[in-house]
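Every letter in the sequence shown is one number past the one before it in UniProt numbering, and letter 382, counting from 1, is 382.
Even glycine gets a Cβ: it sits at the ideal position worked out from N, Cα and C.
Keep in mind it's a predicted model, so treat the numbers as computed, not measured.
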Amino acid sequence: MEHLDDQERQEVWTNIKDALFNDHIDQFRAEFLELHPYDQARIFEDLDEEIRMQIYTYLSPEEVADVMEHIDYDEIEPFFTEMTPAFAAQVFAEMSTDDAVDILNELDKDKVASFLTIMDDDAADEIKDLLHYEEKTAGSIMTTEFVVVKAGMTIKEAMVHLRTEAPDAETIYYTYVINEDKRLVGVISLRDLIISEEEWLISDVMNERVVSVSVGEDQEEVARMVRDYDFLALPVVDFQDHLLGIITVDDIMDVMEEEASDDYSKLAAVSDVDSPDENAFASAKKRLPWLVILLFLGSLTASLIGRFEDTLDQVAILAIFIPLIAGMAGNTGTQALAVAVRGIATGEIEKQGKWKMMMREAGTGIITGLSCGVLITLIVYIWHENFFLGVLVGLSIFMTLVVATLAGSLVPLLMHRLKIDPAVASGPFITTVNDLISILIYFGLATAFMNLLI
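Shown next as structure tokens:
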């Protein structure tokens, strides 16, 4: 199946619409099911509720489940609300367990309880087992649809078992090996199963060095492990090494997108990136808390400038350089912040060491501060023909850039040490704090060397 562009999708939609309006069920099914589930979902999202209700009667719960798995979880609730409860429960039962759990976590708890009551007992039990895990942990994103073999099986027995279980498994490229106590003891790839002799034992062929994650591990750490080891799947175990589930790479991609979006929104001082469907009030409600905090911090900056009113009265020209120095402090701090947050998120800081990173950032601050300080000193001197004013501004820029660089990298490290998400040391927050620092440095130096400026 090829990916459809907007024009091709529109052409297919026209054919599907004609089939729907003329009640040509076979034609509709042929056109719709020919598409990849991703393209089915994009078309499905654009339909009116009345047409979707008609489609529910033309497709089986299993076919609808394929569509639902390709719709964003935060936009999916209306679709399950408009289905009949019995049909919605069947759709959940046909979905991958981890996808069903992710969607149910977005729904009202009363609706979840209703669906689980109607659902087939086996499917409901699997979903309930995953629902009790804390969100954003390995347990919450794992699937229980995987294939295991026992260490004492022969290759032939394992292949027969694999053929039986494969249709319901999330992936079969890795087959995990358990012992009689259901503890994870090894892993064997599909390739090794195929090329091994039928009479060989699984225990003789399997790899005993299995990389696994604890069920309570943070999903961001799980994503980092999948990236580092290039796994297609990762087993999830409890504290006794019992195999509970697996996390596949497609779920990790969703996690990485979610974490990146979350970090970006925090860096922008927004509680969550605005949804295009949100109204102005909902969007403002998310942004206001941070803006109010920043407003008070900004007031401190204004109050600090007021403390140096006498200095400004004597040398009024100092005022024109306030935006320059404050802006440079904010920009430098934000750059250092971005480097530090990324280093923490990717684990690079843990590899190279916090002290080494701080020394590198200090060196960066000194070099950039010295370069910008010398340059602005020459510019101010030529512009205003006042050497001491140029030196004051240049020295202020130098000190400000060094301090701002250190602050931008140190604050995220401290937050990380205190088990606080370092992304909340957001750009606007660091910028405002560095404004305070830069103003204090600038006017402190101006006051100290006032006799040279007058």
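inquiry  = Taking the straight line between their C-alpha atoms, what separation do you get for Gln40 and Glu145?
reply    = If you take the alpha carbons of Gln40 and Glu145, they lie about 24 Å apart.
key: Burial state of Thr364 (16 or more Cβ within 10 Å)   = buried
task = Figure out for me which residue from Asp72, Leu392, Leu130 has the closest Cα to the Cα of Ala446.
result = Closest by C-alpha distance to Ala446, out of Asp72, Leu392, Leu130, is Leu392.
CA-to-CA distance, Thr14 to residue 456, given in whole angstroms = Here the chain covers residues 1 to 454 and nothing more, so residue 456 does not appear.
request  = Identify the continuous alpha helix (DSSP H) that holds Gly390 and give its terminal residues.
outcome  = 387-417
query = Between Tyr58 and Arg29, what straight-line distance do the alpha-carbon atoms span, to the nearest angstrom?
reply = 7 Å
ask   = Looking at the unbroken beta strand (DSSP E) that takes in Ile376, where does it start and where does it end?
value = Here Ile376 belongs to no beta strand (DSSP E); instead the alpha helix (DSSP H) covers 354-384.
task = Taking the CB atoms as reference points, tell me whether Met206 and Ile194 lie closer together than 7 Å.
result = no
task = Check the Cβ-Cβ distances between Tyr133 and every residue of chain C, and say whether any is below 7 Å.
result = Given the protein chain composition of this structure (a single chain), no chain C is represented.
ask   = Taking C-alpha atoms, which residue in Ile172, Glu157, Leu190, Met153 lies nearest to residue 456?
value = Because the chain spans 1 through 454 in this model, residue 456 falls outside it and cannot be assessed.
ask   = How should Asp435 be labelled, buried or exposed, when 16 other C-beta atoms within 10 angstroms of its C-beta is the threshold for buried?
value = buried
ask   = Taking just the CA atoms, how far does Leu413 sit from Lys354?
value = 8 Å
task = Can you tell me which of Lys419, Leu104, Asp122 puts its alpha carbon nearest to the alpha carbon of His132?
result = Nearest option by C-alpha distance: Leu104.
Residue closest to Ile202, alpha-carbon to alpha-carbon, out of His161, Ser214, Gly343 = Of His161, Ser214, Gly343, the smallest CA-CA separation from Ile202 is found for His161.
query = Hey, quick one: how far does the alpha helix (DSSP H) through Thr127 stretch, first residue to last?
reply = At residue 127 the sequence reads Ile, which differs from the Thr that was named. Unbroken alpha helix (DSSP H) run through Ile127: 121-131.
Beta-bridge partners of Gly245, as assigned by DSSP = Val236
task = Give every residue of the same chain whose Cβ lies closer than 7 Å to the Cβ of Lys242, excluding the five residues on either side of it in the sequence, and list them in chain order.
result = With the sequence shown as reference, residue 242 is identified as His, and Lys is not the correct amino acid for it. Cβ neighbours of His242 beyond the five flanking positions: Lys182, Arg183.
inquiry  = On the criterion of 16 or more Cβ atoms from any shown chain inside 10 Å, does Gly333 qualify as buried, or is it exposed?
reply    = buried
ask   = Going by DSSP, what residues sit across from Ser189 in a beta bridge?
value = Tyr174
message = Given this structure, state the Cα-to-Cα distance separating Gly216 from Ala138, to the nearest angstrom.
response = 6 Å
task = Classify Leu201 as helix, strand or coil using the three-state DSSP reduction.
result = strand
ask   = Which same chain residues, not among the five before or five after Thr248, have their C-beta less than 6 Å away from its C-beta?
value = Glu170, Thr171, Ala233
Cβ contact check for the region 52-67 and the region 89-100: 3 or more pairs under 8 Å = A contact is defined here as three or more CB-CB pairs under 8 Å, and the region 52-67 meets this definition with respect to the region 89-100.
query = To the nearest angstrom, how far is it from the Cα of Val226 to the Cα of Gly373?
reply = 45 Å
key: Where Val148 falls: helix, strand or coil (DSSP)   = strand
ask   = Looking at the structure shown, is Ser196 part of a helix, part of a strand, or coil, going by DSSP?
value = In this structure, DSSP gives Ser196 a state outside helix and strand, which the three-state scheme calls coil.
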